[in-house]
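The UniProt record's numbering applies: residue 1 is where the sequence shown begins, and numbers increase by one. C-beta: ideal position from N, C-alpha, C; glycine also. Since we're looking at a predicted model, the values are computed, not measured. Below is one structure, written out as structure tokens, with a few remarks after it.
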Amino acid sequence: MKLNQNKPQPIIGFRQLFDRETYTFTYLLWDLDTKDGLIIDPLRDQFNRDFRLVYELGIHLLYALDTHIHADHVTSLGILREEIGLQTAVGEPTGVSCADLLLKDGDVIQFGKHKIIALATPGHTDACTSFSVENMVFTGDTLFIRGCGRTDFQQGDPAKLYKSIKEKLYTMPDETLVYPGHDYKGEQVSTIGEEKLFNPRISNKQSEAAFLELMKALHMKRPKHIDEAVPANRACGISEDFGHLNEEVFDAHDLKRINDDLSENEVVMDCRTPKEYAVGHVPGSINLPLGKELENIDELQKWQKIYIYCHSGRRSQTVYINLTNKGLKNVICLRSSGMVDWISSGYPVEI
Numbered sequence: 001m002k003l004n005q006n007k008p009q010p011i012i013g014f015r016q017l018f019d020r021e022t023y024t025f026t027y028l029l030w031d032l033d034t035k036d037g038l039i040i041d042p043l044r045d046q047f048n049r050d051f052r053l054v055y056e057l058g059i060h061l062l063y064a065l066d067t068h069i070h071a072d073h074v075t076s077l078g079i080l081r082e083e084i085g086l087q088t089a090v091g092e093p094t095g096v097s098c099a100d101l102l103l104k105d106g107d108v109i110q111f112g113k114h115k116i117i118a119l120a121t122p123g124h125t126d127a128c129t130s131f132s133v134e135n136m137v138f139t140g141d142t143l144f145i146r147g148c149g150r151t152d153f154q155q156g157d158p159a160k161l162y163k164s165i166k167e168k169l170y171t172m173p174d175e176t177l178v179y180p181g182h183d184y185k186g187e188q189v190s191t192i193g194e195e196k197l198f199n200p201r202i203s204n205k206q207s208e209a210a211f212l213e214l215m216k217a218l219h220m221k222r223p224k225h226i227d228e229a230v231p232a233n234r235a236c237g238i239s240e241d242f243g244h245l246n247e248e249v250f251d252a253h254d255l256k257r258i259n260d261d262l263s264e265n266e267v268v269m270d271c272r273t274p275k276e277y278a279v280g281h282v283p284g285s286i287n288l289p290l291g292k293e294l295e296n297i298d299e300l301q302k303w304q305k306i307y308i309y310c311h312s313g314r315r316s317q318t319v320y321i322n323l324t325n326k327g328l329k330n331v332i333c334l335r336s337s338g339m340v341d342w343i344s345s346g347y348p349v350e351i
């Protein structure tokens with residue numbers, strides 16, 4: 001006898017990922033047949049986590065989407081584009097020149113047999129976009145589980161937020177699953193029907209006047225990372241500092257010469273994922289993936305010089321910025337590329 005013959009099968013690949021420092025959700029979606037996929041609201045500090053999962057699941061990542069210009073973390077849109085070759089997309093009102101696609105309300109992105117629809121939902125900022133696919137809606141900072149986004153910076157407007165939620169999101173079917181951009185209470189998913197009934201800030205019964213008064217009365221702290229995050233996110237997470245690296249920047253040919261004559265108090269460091277490193281790396285180099293550098297800063301300070309590289313140059317530049325911002329002066333970054341140039345130059349690879 002066969003069991004579970006009528007068990008419903010998933011129609012779309014889905015992962016909800018969480019960053020504990022910023023309470024941010026990232027979403028990975030893909031077609032189960034073609035493996036074509038996209039990622040929503042990826043964090044630069046979680047690049048290795050996301051890159052590794054995409055690699056392990058065999059997903060062909062086509063797009064990286066941001067719901068808005070974030071103020072609490074830096075996006076990895078630009079690094080993902082450099083490393084994977086995908087297209088980046090944000091809402092048109094952001095005016096972000098680095099993005100490949102500026103999405104208008106109703107625009108459609110296709111991955112495999114699935115279509116994700118951009119929904120203009122301004123209010124938290126003037127350029128927020130939610131994304132609807134199948135029976136799910138990804139609401140960014142517009143609608144939270146039993147809450148909503150603040151409206152006191154980045155051209156936020158409580159009247160626009162009220163309209164976005166009531167006229168755009170709350171008109172979706174009640175069974176639509178709501179996946180927010182953040183959660184601070186341990187919740188993961190809600191439904192449109194639940195939020196209409198139970199959301200204390202903006203239920204079905206909440207009048208616009210009452211909502212505006214409630215939002216006006218909020219007195220929230222300024223986001224800790226806003227001064228760093230907003231400018232970086234307007235550049236798709238690629239810091240302007242990347243153009244002002246250590247004067248000793250070097251290319252693959254310099255790295256070969258340096259590696260051949262490395263002293264005991266110098267090290268070559270690979271910033272790629274452990275899986276990438278295992279496939280092939282510069283002989284003798286150590287592996288410390290992007291995102292792990294700050295927790296190992298005490299060990300890194302012991303070296304006289306650290307020569308860092310990755311696949312294309314973006315991750316190593318990010319590591320360089322992170323370490324030098326903490327005061328390290330012993331870090332030197334490979335210019336513009338990494339293993340790509342090393343291999344194309346015919347230099348030996350260690351496995």
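- Cβ-Cβ distances below 6 Å link asparagine 48 to Thr273, Pro289, Leu290 and Gly291 in the same chain, with the five nearest sequence neighbours on each side left out; the list follows chain order.
- For threonine 88, the pairing in a beta bridge is given by DSSP as Ala64.
- Secondary structure at lysine 115: strand, using DSSP grouped into helix, strand and coil.
- Membership of leucine 53 in the alpha helix (DSSP H) is indicated by the continuous run 47-57.
- In the structure shown, leucine 212 falls within a helical segment according to DSSP collapsed to helix, strand and coil.
- Just so you know, the alpha carbons of aspartate 270 and histidine 281 end up roughly 8 Å apart.
- The distance from the Cβ of leucine 334 to that of serine 316 is about 6 Å, consistent with a contact at the 8 Å cut-off.
- By the Cβ-count criterion, tyrosine 184 is exposed, with fewer than 16 other Cβ atoms from all chains shown falling within 10 Å of its own Cβ.
- Contact between cysteine 128 and threonine 67 holds, with the beta-carbon distance rounding to 6 Å and staying under 8 Å.
- If you keep only unbroken beta strand (DSSP E) runs of at least 3 residues inside the segment 244-311, you get 266-270 and 305-309.
- Residue burial annotation: threonine 88 is buried, with at least 16 other C-beta atoms found within 10 angstroms of its C-beta.
- Note that the C-beta distance between alanine 64 and leucine 43 is not below 7 Å.
- In summary, proline 158 is buried, with 16 or more beta-carbon neighbours lying within 10 Å of its beta-carbon over all protein chains present.
- Cα atoms of asparagine 204 and glutamate 21: separation of roughly 32 Å, rounded to the nearest angstrom.
- Secondary structure at threonine 139: strand, using DSSP grouped into helix, strand and coil.
- For alanine 120, the secondary structure class from DSSP, reduced to helix, strand or coil, is strand.
- Contact between asparagine 265 and glutamine 304 is confirmed by a C-beta separation of about 4 Å, below the 8 Å threshold.
- In the three-state reduction of the DSSP assignment, threonine 94 falls in the helix class, which pools H, G and I.
- Nearest neighbour of glycine 327 by Cα position, chosen from Trp342, Ile351 and Gln301, turns out to be Gln301.
- Between glycine 37 and phenylalanine 111, the gap from beta carbon to beta carbon is short of 7 Å.
- Rounded to the nearest angstrom, the gap between the Cα atoms of isoleucine 202 and isoleucine 145 is 11 Å.
- The beta-bridge partner set that DSSP reports for arginine 234 is empty.
- It is roughly 38 Å from the alpha-carbon of methionine 215 to the alpha-carbon of isoleucine 11.
- Nearest Cα to aspartate 41 within the set Ile69, Gln155 and Lys163: Ile69.
- The C-beta of phenylalanine 198 has fewer than 16 other C-beta atoms within 10 Å across all chains shown, which makes the residue exposed.
- Using a Cβ distance threshold of 7 Å, threonine 139 and proline 180 count as a contacting pair.
- C-alpha of isoleucine 308 to C-alpha of methionine 339: approximately 11 Å in a straight line.
- The C-alpha of arginine 52 lies about 13 Å from the C-alpha of leucine 17.
- When beta bridges are read from the DSSP output, arginine 15 appears opposite Leu28.
- Histidine 114 is classed as buried because its beta carbon has at least 16 other beta carbons within 10 Å across all chains shown.
- As a beta-bridge residue in DSSP terms, aspartate 36 pairs with His60.
- Judged by DSSP in its simplified three-state form, phenylalanine 153 adopts coil rather than helix or strand.
- The residues Ile11, Ile12 and His114, in chain order, have a CB closer than 8 Å to that of glutamate 134 in the same chain once the five nearest residues on each side in sequence are set aside.
- Checking the DSSP bridge columns, you'll see valine 108 partnered with Ile117.
- By a beta-carbon distance limit of 8 Å, leucine 323 contacts glutamate 293. Their separation comes to about 6 Å.
- Per DSSP, leucine 197 is one residue of the alpha helix (DSSP H) stretching across 192-198.
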